[in-house]
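Student: This is the structure I want to talk about, given as structure tokens.
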Amino acid sequence: MSPEALAAQTMGDPVNPWVMEIGSIYLWSALLLAAAALAVKNRRIPLFGLMLIAASSGFWQEFFGDWGAYVAWNPQFARLPFWGEMAYTTPVKPLFMPFSWGWWFAVSIPLLTSLVLFLKRKFPARSAYALSFMTAFPLFLAYQIYVEGSSVANGWWTYDSVVGPALESEQGRLPLVFPLLIGLWAGWFVGMLADRDPQGFMAHEVRLGAATKPAGLGREWARLWGMVLLFQVTFLAINIAPAVIARMAFGGPSALVP
Numbered sequence: 001m002s003p004e005a006l007a008a009q010t011m012g013d014p015v016n017p018w019v020m021e022i023g024s025i026y027l028w029s030a031l032l033l034a035a036a037a038l039a040v041k042n043r044r045i046p047l048f049g050l051m052l053i054a055a056s057s058g059f060w061q062e063f064f065g066d067w068g069a070y071v072a073w074n075p076q077f078a079r080l081p082f083w084g085e086m087a088y089t090t091p092v093k094p095l096f097m098p099f100s101w102g103w104w105f106a107v108s109i110p111l112l113t114s115l116v117l118f119l120k121r122k123f124p125a126r127s128a129y130a131l132s133f134m135t136a137f138p139l140f141l142a143y144q145i146y147v148e149g150s151s152v153a154n155g156w157w158t159y160d161s162v163v164g165p166a167l168e169s170e171q172g173r174l175p176l177v178f179p180l181l182i183g184l185w186a187g188w189f190v191g192m193l194a195d196r197d198p199q200g201f202m203a204h205e206v207r208l209g210a211a212t213k214p215a216g217l218g219r220e221w222a223r224l225w226g227m228v229l230l231f232q233v234t235f236l237a238i239n240i241a242p243a244v245i246a247r248m249a250f251g252g253p254s255a256l257v258p
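Each step along the sequence shown adds one to the number in full-length UniProt numbering, with nothing skipped, and position 195 is 195.
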């Protein structure tokens with residue numbers, strides 16, 4: 001039996017697949033329009049707009065990370081038309097992935113950053129990183145565990161093999177190492193975004209020279225590409241590479257994710 005046929009038999013029909021397939025595209029489009037309107041009005045791309053583009057551009061990392069984590073997607077989801085089978089990737093590559101990555105990080109990361117900035121004003125002696133690890137890290141981790149568990153229960157995806165400690169349920173086993181990694185990434189990443197200079201520029205914008213550019217298209221273009229670079233490099237290093245390297249070094253075969 002092929003991996004896709006076995007996955008279909010294992011997961012059955014996905015519950016409410018339209019939430020991801022249609023809802024992701026609608027929400028992504030609404031966020032893009034809102035970001036564009038605010039950018040035109042304020043001559044500055046809002047943080048959620050920067051995150052929307054940065055995260056959408058990084059969706060390709062998902063399928064390599066899924067291979068490392070033994071994640072198999074339900075084959076009933078519509079597929080990306082330009083990306084089929086490829087070594088070191090999970091077999092099924094859902095069409096909605098660029099949109100779901102975009103809207104999720106565009107909503108979650110700016111909200112957590114706003115929380116840390118609020119706390120920083122209340123407790124100025126505390127570093128943005130300390131406040132982020134006290135708030136963004138546990139909140140992001142808790143939500144990731146909830147999402148992972150509910151998605152397995154809904155038959156959206158499953159883990160063929162479990163690495164490290166896991167939560168047991170009737171719907172399957174949920175490994176905790178991967179939500180922990182992305183929670184740590186979120187704690188660090190939000191800390192970086194909340195670490196601002198007196199003019200409100202983020203630390204990486206200062207280092208990459210965007211803060212020295214005059215207001216206008218050139219500066220916003222530099223801010224956008226700076227966020228794309230920051231997101232993709234940090235996410236790849238902390239969340240994707242460890243899973244891929246660990247499976248290559250220590251992992252065994254998989255029926256669902258060859």
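Note that beta-carbon positions come from the ideal geometry of N, C-alpha and C, so glycine has one too.
Label lysine 93 either buried or exposed according to how many other C-beta atoms from any shown protein chain fall within 10 Å of its C-beta, with 16 as the threshold for buried.
Tutor: For the purposes of this step, residue 93 is identified with residue 93 of the sequence shown, where counting begins at 1. Buried.
Student: Please determine, among Met97, Gly68, Ala87, the residue with the shortest C-alpha to C-alpha distance to arginine 79.
Tutor: If you number the sequence shown from 1, residue 79 lands on position 79. When only C-alpha atoms are compared, the closest one is Met97.
Student: Distance, Cα to Cα, tryptophan 225 vs methionine 1?
Tutor: What you label residue 225 is simply residue 225 of the sequence shown in a count that begins at 1. What you label residue 1 is simply residue 1 of the sequence shown in a count that begins at 1. Computed Cα separation, rounded: 44 Å.
Student: To the nearest whole angstrom, what separates the beta carbons of leucine 52 and leucine 38, a pair I think is in contact under 8 Å?
Tutor: To locate residue 52, count along the sequence shown from 1; it is residue 52. To locate residue 38, count along the sequence shown from 1; it is residue 38. In fact, because the Cβ distance is near 12 Å, the residues do not count as touching under 8 Å.
Student: What does the alpha-carbon distance come out to for the pair alanine 35 and leucine 47?
Tutor: Translated into the one-based positions of the sequence shown, residue 35 becomes position 35. Translated into the one-based positions of the sequence shown, residue 47 becomes position 47. Approximately 9 Å, taken between the alpha carbons.
Student: Which residues does DSSP list as the beta-bridge partners of valine 71?
Tutor: Here residue 71 is taken as the residue at index 71 of the sequence shown, counted from 1. Tyr159, per the DSSP bridge assignment.
Student: Can you give me the C-alpha to C-alpha distance between glycine 58 and valine 228, rounded to a whole angstrom?
Tutor: Against the sequence shown, residue 58 aligns to sequence position 58. Against the sequence shown, residue 228 aligns to sequence position 228. Answer to the nearest angstrom: the Cα atoms are 8 Å apart.
Student: Strictly by DSSP, which residues pair up with alanine 166?
Tutor: Residue mapping note: residue 166 aligns to position 166 of the sequence shown, counting from 1. Alanine 166 is bridged to Pro175.
Student: Could you please give the first and the last residue of the uninterrupted alpha helix (DSSP H) stretch that includes glutamine 199?
Tutor: Along the sequence shown, read from residue 1 onward, the residue named residue 199 stands at position 199. No alpha helix (DSSP H) holds glutamine 199; DSSP gives it neither H nor E.
Student: In this structure, what does DSSP give as the bridge partners for arginine 79?
Tutor: Within the sequence shown, residue 79 is the residue found at index 79, counting from 1. Pro94.
Student: Could you pull the start and end residues of the alpha helix (DSSP H) that methionine 248 belongs to?
Tutor: By one-based count along the sequence shown, residue 248 stands at place 248. That run of the alpha helix (DSSP H) goes 241-250.
Student: Taking only the alpha-carbon atoms, compute the straight-line gap between glycine 164 and leucine 117 and give it to the nearest angstrom.
Tutor: Walking along the sequence shown from the start, residue 164 turns up at place 164. Walking along the sequence shown from the start, residue 117 turns up at place 117. Using only the alpha carbons, I get a separation of about 34 Å.
Student: Look at the Cβ atom of valine 244, then the Cβ atom of phenylalanine 64, and state whether they are nearer than 7 Å.
Tutor: Residue mapping note: residue 244 aligns to position 244 of the sequence shown, counting from 1. Residue mapping note: residue 64 aligns to position 64 of the sequence shown, counting from 1. Yes, the Cβ-Cβ distance between valine 244 and phenylalanine 64 is below 7 Å.
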